[in-house]
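K.L.:
This is the structure I want to talk about, given as structure tokens.
Protein chains: 6
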Amino acid sequence: MEISARNALKGTVKAVEMGAVNAEVTLEVAASVEITAIITKASAEKLGLSVGKEAYAVVKASDVMVAID
Amino acid sequence: MEISARNALKGTVKAVEMGAVNAEVTLEVAASVEITAIITKASAEKLGLSVGKEAYAVVKASDVMVAID
Amino acid sequence: MEISARNALKGTVKAVEMGAVNAEVTLEVAASVEITAIITKASAEKLGLSVGKEAYAVVKASDVMVAID
Amino acid sequence: MEISARNALKGTVKAVEMGAVNAEVTLEVAASVEITAIITKASAEKLGLSVGKEAYAVVKASDVMVAID
Amino acid sequence: MEISARNALKGTVKAVEMGAVNAEVTLEVAASVEITAIITKASAEKLGLSVGKEAYAVVKASDVMVAID
Amino acid sequence: MEISARNALKGTVKAVEMGAVNAEVTLEVAASVEITAIITKASAEKLGLSVGKEAYAVVKASDVMVAID
Chain A
1 MEISARNALK GTVKAVEMGA VNAEVTLEVA ASVEITAIIT KASAEKLGLS VGKEAYAVVK
61 ASDVMVAID
Chain B
1 MEISARNALK GTVKAVEMGA VNAEVTLEVA ASVEITAIIT KASAEKLGLS VGKEAYAVVK
61 ASDVMVAID
Chain C
1 MEISARNALK GTVKAVEMGA VNAEVTLEVA ASVEITAIIT KASAEKLGLS VGKEAYAVVK
61 ASDVMVAID
Chain D
1 MEISARNALK GTVKAVEMGA VNAEVTLEVA ASVEITAIIT KASAEKLGLS VGKEAYAVVK
61 ASDVMVAID
Chain E
1 MEISARNALK GTVKAVEMGA VNAEVTLEVA ASVEITAIIT KASAEKLGLS VGKEAYAVVK
61 ASDVMVAID
Chain F
1 MEISARNALK GTVKAVEMGA VNAEVTLEVA ASVEITAIIT KASAEKLGLS VGKEAYAVVK
61 ASDVMVAID
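Residue numbers (UniProt numbering), protein chains in the order written: chain A, 1 to 69; chain B, 1 to 69; chain C, 1 to 69; chain D, 1 to 69; chain E, 1 to 69; chain F, 1 to 69.
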């Protein structure tokens, strides 16, 4: 499946923390660059996410903000 | 200002394309790792975003999805 | 690519309207059930979206609200 | 109340799963077409959502992505 | 229609700026408290939004971030 | 840090409810005007959010909808 989301950053799962409904998944997408996702627990289980697995962080461009110092 | 958004990736502006209401801004946050943002044209102008400027891509964790091959 | 987004509704492109930065794409996902997406013009072009093409409307569960009459 | 969100799909509640803060609600909006929402537990209770109830899945157009096979 | 979105702030339209696909709408929800929305141009027209009209800014709780100085 | 999000409403924390992964935070941004946020529990702890603290509700303009009666 090819998706319209402009951002798909390849990385490695660093942590998975399960809640009752949601899961928090952290990916390392470059050396010292991590991205944290909150997805449903059902999705985390369906994708078989566990530490060390290769995965992508996918973000729609309209959900990205820009900040400056 | 310190914000609850879990993801703030430091990078450099690679491209800014202005529309009537929105602007598309591309940041390089690591070698060969780019993130594209759609923000309002007013925000892009207020932040003075232009190619080469240092900036952060900020994303709320609940807006990040995870995908596998 | 398999994605964590819980909702991927298969349908047919009914309309594509291009703006300067964004595009508005309408899919029919069941008889008389349409979903409208705003995606970047670049994504609409990359996916080759045009009327009659099969496509999916993909929505993260945390972006869905529920309403009652 | 009439809302700007372009997508309001009428359906029937198929499942409600409560977490500590959030709830996962699944609606059937057409035969074999389901949409899953994560809303706050407080909202699920306020709306009185339970299996069999008629409800709408509401999604802002800028939160819809498009994918192709 | 009663919606799960936790935040519906009543206010008055202060400005409407139309783009090709999107519109930027600014509401004053309390003295000196303004909220800006980007909605589709089609929605802005359907709702008949114009300066001085009463309207609500509606935001899903999972789209709100918190910041401190 | 200066951010592209168009909406940053200053207020006071009225309530914080912790879940396993997420937290629900309510801010009063004007007399009788409250905004509720769902953020990660980790962010709520990192920001030291507690009742009475001054904080901002930050919302990207593309996440705001408009409704009329």
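Glycine included, C-beta positions come from ideal geometry on N, C-alpha and C. Every value quoted in this text rests on a predicted model; they were computed, and no experiment measured them.
Is it a yes or a no for the region 35-42 of chain B touching the region 19-26 of chain B, going by three-plus beta-carbon pairs under 8 Å?
P.N.:
yes
K.L.:
Can you tell me which residues form a DSSP beta bridge with G11/C?
P.N.:
In the third sequence, residue 11/C corresponds to position 11, counting from 1. A55/C, per the DSSP bridge assignment.
K.L.:
Take the Cβ of D63/F as the centre, count every other Cβ of all protein chains shown within 10 Å, and call the residue buried at 16 or more, exposed below.
P.N.:
Taking the sixth sequence and counting its residues from 1, one reaches residue 63/F at position 63. Buried is the call here.
K.L.:
Where does A42/F fall in DSSP's three states?
P.N.:
Reading the sixth sequence from its first residue, position 42 is the one you call residue 42/F. Reduced to three states, the DSSP call for A42/F is helix.
K.L.:
With DSSP run on the structure shown, which of helix, strand or coil describes A61/C?
P.N.:
The residue given as residue 61/C occupies position 61 in the third sequence. Assignment of A61/C by DSSP, reduced to helix, strand and coil, places it in the helix class.
K.L.:
CB A30/F to CB I68/E, shorter than 8 Å?
P.N.:
One-based indexing of the sixth sequence puts residue 30/F at position 30. One-based indexing of the fifth sequence puts residue 68/E at position 68. No.
K.L.:
Helix, strand or coil: which one does DSSP assign to A23/A?
P.N.:
For the purposes of this step, residue 23/A is taken as residue 23 along the first sequence, with counting starting at 1. It is a strand residue.
K.L.:
Since I believe M65/C is in contact with E37/D (beta carbons under 8 Å), could you give me their beta-carbon distance rounded to a whole number of angstroms?
P.N.:
The residue labelled residue 37/D in the question sits at position 37 within the fourth sequence. The residue labelled residue 65/C in the question sits at position 65 within the third sequence. The sequence given here places Ala at residue 37/D; Glu does not occur at that position. Contact flag correct, Cβ pair sits at about 7 Å.
K.L.:
Within 10 angstroms of its Cβ, does V51/E collect 16 or more other Cβ (buried), or is it exposed?
P.N.:
Working through the fifth sequence from its first residue, we reach residue 51/E at position 51. Flag for V51/E reads exposed.
K.L.:
According to DSSP, what are the bridge partners of A67/D?
P.N.:
For this step, residue 67/D is matched to residue 67 along the fourth sequence. Beta-bridge pairing links A67/D to I3/A, Y56/C.
K.L.:
To the nearest angstrom, how far is it from the Cα of K60/B to the Cα of L49/F?
P.N.:
For the purposes of this step, residue 60/B is taken as residue 60 along the second sequence, with counting starting at 1. For the purposes of this step, residue 49/F is taken as residue 49 along the sixth sequence, with counting starting at 1. Roughly 17 Å between the two C-alpha positions.
K.L.:
Between S32/B, K10/B, A5/B, which has its C-alpha nearest K53/B's C-alpha?
P.N.:
Counting from 1 along the second sequence, the entry for residue 53/B is found at position 53. Of the listed residues, the one whose Cα sits closest to K53/B is K10/B.
K.L.:
Consider the Cβ of S62/C: report whether some Cβ of chain E lies at a distance smaller than 8 Å.
P.N.:
Position 62 of the third sequence, counted from the first residue, corresponds to residue 62/C. So yes, S62/C belongs to the interface.
K.L.:
Give every residue of the same chain whose Cβ lies closer than 8 Å to the Cβ of I3/F, excluding the five residues on either side of it in the sequence, and list them in chain order.
P.N.:
Position 3 of the sixth sequence, counting from 1, holds the residue named residue 3/F. Excluding positions up to five away in sequence, the list reads V58.
K.L.:
Name, please, each residue of chain C whose Cβ falls closer than 8 Å to the Cβ of E34/A.
P.N.:
Along the first sequence, read from residue 1 onward, the residue named residue 34/A stands at position 34. Chain-order list of chain C residues neighbouring E34/A: empty, with the shortest C-beta distance near 17 Å, by a criterion of under 8 Å.
K.L.:
If the cut-off is 7 Å on Cβ atoms, which residues from the UniProt domain "Mop" (2-68) of chain A count as contacting chain D, listed in chain order?
P.N.:
E2, I3, S4, A5, G19, A20, V21, N22, T40, K60, S62
K.L.:
For A5/E, which residues of its own chain have a beta-carbon under 6 Å away from its beta-carbon, when the five flanking residues on both sides are left out?
P.N.:
For this step, residue 5/E is matched to residue 5 along the fifth sequence. Excluding positions up to five away in sequence, the list reads V58, K60.
K.L.:
Under three-state DSSP, which class holds A31/B?
P.N.:
Position 31 of the second sequence, counted from the first residue, corresponds to residue 31/B. A31/B falls in the coil class under three-state DSSP.
K.L.:
Rounded to whole angstroms, what is the Cα-Cα separation between T12/E and K46/A?
P.N.:
Locating residue 12/E in the fifth sequence gives position 12, where the first residue counts as 1. Locating residue 46/A in the first sequence gives position 46, where the first residue counts as 1. In this model, T12/E and K46/A are separated by some 45 Å (Cα to Cα).
K.L.:
Once you ignore the five residues that flank E24/D on each side, which residues in its own chain have a CB closer than 6 Å to its CB?
P.N.:
Sequence index remark: in the fourth sequence, residue 24/D carries index 24 (1-based). Taken in chain order, the residues that qualify are E17, I38.
K.L.:
How big is the Cα-Cα spacing for V33/B and K14/D?
P.N.:
By 1-based counting over the second sequence, the position of residue 33/B is 33. By 1-based counting over the fourth sequence, the position of residue 14/D is 14. Straight-line Cα distance between these residues: approximately 41 Å.
K.L.:
Any C-beta of chain H sitting closer than 8 Å to the C-beta of A5/F?
P.N.:
Checking the listed chains, one finds no chain H in this structure; the protein chains it contains are A, B, C, D, E and F.
K.L.:
For T26/C, which residues from the same chain have a beta carbon less than 6 Å from its beta carbon, with the 5 sequence-adjacent residues on both sides left out?
P.N.:
On the third sequence, residue 26/C is found 26 positions in, with the first residue counted as 1. The residues are K14, A15, E34, T36.
K.L.:
Going by beta carbon distance, what residues of the same chain come within less than 6 Å of S8/E, once the five residues before and after it are set aside?
P.N.:
Within the fifth sequence, numbered from 1, the residue matching residue 8/E stands at position 8. Strictly speaking, residue 8/E in this sequence is Ala, with Ser absent from that position. Correct list, in chain order: Y56, V58.
K.L.:
For E28/A, which residues from the same chain have a beta carbon less than 6 Å from its beta carbon, with the 5 sequence-adjacent residues on both sides left out?
P.N.:
Counting from one through the first sequence, the residue named residue 28/A turns up at place 28. Contacts found: G11, T12, K14, E34.
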